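Novice: Residue numbers (the numbering used here), protein chains in the order written: chain A, 129 to 464; chain B, 129 to 464. Where a beta carbon is used, it is the ideal one built from N, C-alpha and C, also for glycine. A quick note: this is a predicted structure, and the numbers were derived from the prediction, not measured. Structure in structure tokens, see below.
2 protein chains.
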Amino acid sequence: MPFSHESEGFAVATPDIEAAATRLAGVAVRTPVLESPLLNRRLGFRLLIKAESLQLTGSFKFRGAYNAIAQLDATARQAGVIAYSSGNHAQGVAAAASLLAVPATIVMPSDAPQIKIDNTRAWGANVVLYDRASEDREAIGERIAGESGAALVRPYDEPQVIAGQGTIGLETVQQLKELGVTPAAVVVPCGGGGLSSGIALALSVHWPGIPVWTVEPADFDDTARSLAASRRVAVKTGGTSICDALLAPMPGRLTFPILKGLGVRGIAVTDESVRRAMSCAFRDFKLVVEPGGAVALAAALDGAFEAPQEPVLCVCSGGNVDPILFAEILRGRGTK
Amino acid sequence: MPFSHESEGFAVATPDIEAAATRLAGVAVRTPVLESPLLNRRLGFRLLIKAESLQLTGSFKFRGAYNAIAQLDATARQAGVIAYSSGNHAQGVAAAASLLAVPATIVMPSDAPQIKIDNTRAWGANVVLYDRASEDREAIGERIAGESGAALVRPYDEPQVIAGQGTIGLETVQQLKELGVTPAAVVVPCGGGGLSSGIALALSVHWPGIPVWTVEPADFDDTARSLAASRRVAVKTGGTSICDALLAPMPGRLTFPILKGLGVRGIAVTDESVRRAMSCAFRDFKLVVEPGGAVALAAALDGAFEAPQEPVLCVCSGGNVDPILFAEILRGRGTK
């Protein structure tokens, strides 16, 4: 009974996603679905890419942040929002807050890449730096929230954030119906599970039973392990990956029950596969995709799906990659 | 009287562009219009990008080729098509012919990049190589056309090719009207003028008098010089540019009267500006844009438009760039 979720008490209901889509209409980019007939021939099946790397701020995070902040009332908007993130969530919250004229404070590690700090500030956010070794970002966040009354925008364990990311699923359903396509499988990058749970929920209404896969970096496949074990398990830290956006050690408290309840399954890919996928995105789709954004494409190129009758849809979730790393990957360096 | 073109006997009429759009619907990618609010703030005006680099085959050339080949009758289709090109036109013709099940022969220089030869062959085209130093590609093309009866698809001086490229203009009008935007200026990369004349013609119906600019590489600014002189003049060859797609020495016989008749003006950019524009496309739009595809963006970043009240629209026309060159540009090498 994988689709009896309405009665399972998920933190998010499908009407929340539809409401989010209405809020985001005309604000978020309706990112295109792309394909490469030549790549399809090489793969032996039809691969469709949802190019969410073309979203405002270069990642899907803008959708969830905007959907959450847009629902604050006038008093809460005045008190502002706070988030802690070194990456895409920081820029997503800063941009959404800027567009909604809400003050934002972003707590970032002092060793975060300067470009990410600069971009977050360029959106008008107040950036508070902390020392990753000696300070606890959640404690700092809670202290600032306590003092200012600012609302905390969590990166994934927040119903309205999950609903916002789910609009990618809704949008893709519309786009694929225009193409006359029902995919054989949908493959989604996974960190804390906000993106994948939102998309899986949106798809479950229109295509009940459609296979959805989360993809994580090897050594950070907590979601795959948790789904296999039917309970949240953490991976031991200590591994490394170029997928800086996907290093969450455990699935979310709210996101995991959705993934589990909908029968989502998890797979993992190596950094080497991710590099190949980034080169493929460059060559075959003319897209800049960051490592964490390319894991789903990597899984498809790895042969996770063998010549299905219907197309496979991959979400490419972000494009915020350091130019020097991107250049190295194009030159084929650093690949084992 | 710049818009009395219906009576001026242009080779292409605006209904040809509308008919081309109908032929291309559901076949060509409806490429997105993108913007970066952070870049807008840095520039001091709103810049919109028509991301035609995301088109099938990685450039706008697919549109014109498909529109031309789709109009051949059954007998002509059986005899096939022929084109000579080392670059984007080759892939555009090969792909369009493949989708329409028409045999294609592409005459390419034997020193063309292997990836371009491979891609053209992957689309099923018969590739005929010639020696750039000792052989004349037009003579080879005409000989093959004479023997086989294949129809020659010219890269720009062909009414149905111009009409196909013009669909970018029509599509952009629709997209900008959805955004409630009338641009202050439209900026288009220019080689032989097929793209720019088609777009200028499409726009002239909906936004009469809108300023359209062609952009060329410095030393290959034959269109700018011709427009200034009100007659077709050739640039002397001998210069070099990384914009391999834009090295035509003289505007087209059919394209130039359209550009001139519509009051289009021309500007030129340096390779250094082009490199900066490619980095900007990577960083701010997450797009892979080839040198020739980035010249219009380069002109906008150079300050060709100073804080206009309405947005400036730039066409990014292609993304077929060698990964090693792209990596060098990201690393800031080779920039004077």
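Let me know the secondary structure DSSP gives B:N168 once reduced to three states.
Specialist: Taking the first residue of the second sequence as position 1, residue 168 of chain B is located at position 40. Looking at B:N168 - three-state DSSP - the assignment turns out to be helix.
Novice: So, B:G208 versus B:A278, is the Cβ gap smaller than 7 angstroms?
Specialist: Here residue 208 of chain B is taken as the residue at index 80 of the second sequence, counted from 1. Here residue 278 of chain B is taken as the residue at index 150 of the second sequence, counted from 1. Their beta carbons are under 7 angstroms apart, which means B:G208 touches B:A278 by this criterion.
Novice: If we require 4 or more residues per run, which alpha helix (DSSP H) segments fall completely within the stretch 199-286 of chain A?
Specialist: 202-207, 216-227, 242-250 and 265-276, all fully within the stretch 199-286 of chain A.
Novice: Helix, strand or coil for A:K178, going by three-state DSSP, please let me know.
Specialist: Against the first sequence, residue 178 of chain A aligns to sequence position 50. Reduced to three states, the DSSP call for A:K178 is strand.
Novice: Using DSSP's beta-bridge definition, name the partner residues of B:S187.
Specialist: The residue given as residue 187 of chain B occupies position 59 in the second sequence. In DSSP, B:S187 forms a bridge with B:G446.
Novice: List the residues that DSSP assigns as beta-bridge partners of B:P317.
Specialist: Here residue 317 of chain B corresponds to residue number 189 of the second sequence, with the count starting at 1. In the DSSP output, where bridge partners are listed per residue, B:P317 has B:V343.
Novice: Please look up how many angstroms separate the CB atoms of B:N448 and B:S214, rounded, as I've assumed it's under 8 angstroms.
Specialist: Within the second sequence, numbered from 1, the residue matching residue 448 of chain B stands at position 320. Within the second sequence, numbered from 1, the residue matching residue 214 of chain B stands at position 86. Their Cβ separation, rounded to whole angstroms, is 11 angstroms, which puts B:N448 and B:S214 out of contact at 8 angstroms.
Novice: Can you give me the Cβ contacts of A:F384 inside the same chain, cut-off strictly under 7 angstroms, excluding the 5 residues immediately before and after it?
Specialist: Counted from its first residue, the first sequence places residue 384 of chain A at position 256. G321, S354 and R360, listed in sequence order.
Novice: Of all the alpha helix (DSSP H) runs that stay within the bounds of the stretch 377-429 of chain B, which reach a length of 4 or more residues?
Specialist: Segments of the alpha helix (DSSP H) lying fully in the stretch 377-429 of chain B: 383-389, 399-408 and 423-429.
Novice: Just checking: is the beta-carbon of B:R459 within a distance shorter than 7 angstroms of some beta-carbon in chain A?
Specialist: On the second sequence, position 331 is the one that residue 459 of chain B refers to. Yes, B:R459 lies at the interface with chain A (some Cβ there is under 7 angstroms from its Cβ).
Novice: Please report the distance separating the alpha-carbon of B:L374 from that of B:K305.
Specialist: For this step, residue 374 of chain B is matched to residue 246 along the second sequence. For this step, residue 305 of chain B is matched to residue 177 along the second sequence. Looking at the two C-alpha atoms, the distance is approximately 30 angstroms.
Novice: By DSSP, does B:V157 sit in helix, in strand, or in coil?
Specialist: Position 29 of the second sequence, counted from the first residue, corresponds to residue 157 of chain B. Three-state DSSP puts B:V157 in coil, outside helix and strand.
Novice: For B:T185 and B:P283, what's the separation of their Cα atoms in angstroms?
Specialist: Start at 1 with the first residue of the second sequence, and residue 185 of chain B comes out as number 57. Start at 1 with the first residue of the second sequence, and residue 283 of chain B comes out as number 155. Spanning the two alpha carbons is a distance of roughly 15 angstroms.
Novice: Closer than 7 angstroms, CB to CB, is B:F410 near chain A or not?
Specialist: Position 282 of the second sequence, counted from the first residue, corresponds to residue 410 of chain B. So yes, B:F410 belongs to the interface.
Novice: Within 7 angstroms of any Cβ in chain B, is that where the Cβ of A:A189 sits?
Specialist: Working through the first sequence from its first residue, we reach residue 189 of chain A at position 61. Looking at the sequence provided, one finds Lys at residue 189 of chain A rather than Ala. No, because no Cβ of chain B sits closer than 7 angstroms to the Cβ of A:K189.
Novice: Answer with buried or exposed for A:R271, where buried requires no fewer than 16 other C-beta atoms within 10 angstroms of its C-beta.
Specialist: Sequence index remark: in the first sequence, residue 271 of chain A carries index 143 (1-based). Per the 10 Å Cβ criterion, exposed.
Novice: For A:T248, count neighbouring Cβ atoms within 10 angstroms of its own Cβ and tell me buried if that reaches 16, exposed if not.
Specialist: The count along the first sequence starts at 1 and reaches residue 248 of chain A at position 120. Counting Cβ neighbours within 10 Å, A:T248 comes out buried, since at least 16 surround it.
Novice: Are the CB atoms of A:F410 and B:V416 nearer to each other than 7 angstroms?
Specialist: Here the question's residue 410 of chain A lines up with position 282 in the first sequence. Here the question's residue 416 of chain B lines up with position 288 in the second sequence. Contact: yes.
Novice: Roughly how many angstroms lie between the CA atoms of A:G446 and A:E418, to the nearest whole one?
Specialist: Sequence index remark: in the first sequence, residue 446 of chain A carries index 318 (1-based). Sequence index remark: in the first sequence, residue 418 of chain A carries index 290 (1-based). C-alpha separation (whole angstroms): 6 angstroms.
Novice: Can you give me the C-alpha to C-alpha distance between B:T351 and B:D239, rounded to a whole angstrom?
Specialist: Within the second sequence, residue 351 of chain B is the residue found at index 223, counting from 1. Within the second sequence, residue 239 of chain B is the residue found at index 111, counting from 1. So the two alpha carbons sit approximately 27 angstroms from each other.
Novice: Mapping the DSSP letters down to three states, classify B:V301 as helix, strand or coil.
Specialist: As a position in the second sequence, residue 301 of chain B is number 173, starting the count at 1. Here B:V301 sits in helix by DSSP.
Novice: Taking 7 angstroms as the CB-CB limit, is B:G421 close to chain A?
Specialist: For this step, residue 421 of chain B is matched to residue 293 along the second sequence. Cβ-Cβ to chain A under 7 angstroms: no for B:G421.
Novice: When the Cα atoms are used, what is the spatial distance from A:G308 to A:P377?
Specialist: Walking along the first sequence from the start, residue 308 of chain A turns up at place 180. Walking along the first sequence from the start, residue 377 of chain A turns up at place 249. Taking the straight line joining both Cα atoms gives about 38 angstroms.
Novice: Closest to B:G292 by CA distance: which of B:W251, B:P143, B:V161 and B:V255 is it?
Specialist: Within the second sequence, numbered from 1, the residue matching residue 292 of chain B stands at position 164. Minimum Cα distance to B:G292 is reached at B:P143.
Novice: Use the C-beta contact count for B:D201: other C-beta atoms within 10 angstroms, 16 or more gives buried, fewer gives exposed.
Specialist: On the second sequence, position 73 is the one that residue 201 of chain B refers to. The residue is exposed, with fewer than 16 neighbouring Cβ atoms inside 10 Å.
Novice: Is it buried or exposed, B:S262, if we count other Cβ atoms within 10 angstroms and call 16 or more buried?
Specialist: The residue given as residue 262 of chain B occupies position 134 in the second sequence. With fewer than 16 other Cβ atoms within 10 Å, it is exposed.
Novice: Return the CA-CA distance between A:C371 and A:L182, expressed in angstroms with no decimal places.
Specialist: Along the first sequence, one-based indexing puts residue 371 of chain A at 243. Along the first sequence, one-based indexing puts residue 182 of chain A at 54. So the alpha carbons of these two residues sit roughly 18 angstroms apart.
Novice: Given that A:R169 touches chain B, what residues does it touch there, using C-beta distances under 8 angstroms?
Specialist: Residue 169 of chain A sits at position 41 when you count from the first residue of the first sequence. A250, listed in chain order.
Novice: Within the same chain, show all residues whose beta-carbon is closer than 8 angstroms to that of B:R265, passing over the 5 residues directly before and after it, in chain order.
Specialist: For this step, residue 265 of chain B is matched to residue 137 along the second sequence. Contacts found: Y212, V235, P237 and Y258.
Novice: Please confirm whether B:K414 has its beta-carbon closer than 7 angstroms to some beta-carbon of chain A.
Specialist: As a first step, residue 414 of chain B is located in the second sequence; it is residue number 286 there, counting from the start. Taking Cβ atoms only, chain A reaches closer than 7 angstroms to B:K414, which makes this a yes.
Novice: According to DSSP, is A:V440 part of a helix, a strand, or is it coil?
Specialist: Counting from one through the first sequence, the residue named residue 440 of chain A turns up at place 312. DSSP places A:V440 in strand when its eight states are reduced to three.
Novice: Check this for me: beta carbons of A:V402 and A:A432, under 7 angstroms apart or not?
Specialist: Position 274 of the first sequence, counted from the first residue, corresponds to residue 402 of chain A. Position 304 of the first sequence, counted from the first residue, corresponds to residue 432 of chain A. Cβ atoms of A:V402 and A:A432: not closer than 7 angstroms.
Novice: Could you give the distance in angstroms between the alpha-carbon of A:I197 and the alpha-carbon of A:A223?
Specialist: Walking along the first sequence from the start, residue 197 of chain A turns up at place 69. Walking along the first sequence from the start, residue 223 of chain A turns up at place 95. Computed Cα separation, rounded: 11 angstroms.
Novice: Measure the CB-CB distance between B:A428 and B:V315 and report whether it falls below 7 angstroms.
Specialist: On the second sequence, residue 428 of chain B is found 300 positions in, with the first residue counted as 1. On the second sequence, residue 315 of chain B is found 187 positions in, with the first residue counted as 1. Taking 7 angstroms as the Cβ cut-off, B:A428 and B:V315 qualify as a contacting pair.
Novice: Below 7 angstroms between beta carbons: does that hold for A:G465 and A:I210?
Specialist: Here chain A comprises residues numbered 129 to 464, so residue 465 of chain A is not present and cannot be evaluated.
Novice: What's the call for B:E163, buried or exposed, on a 16-neighbour Cβ count within 10 Å?
Specialist: Mapped onto the second sequence, residue 163 of chain B falls at position 35. So B:E163 ends up on the buried side.
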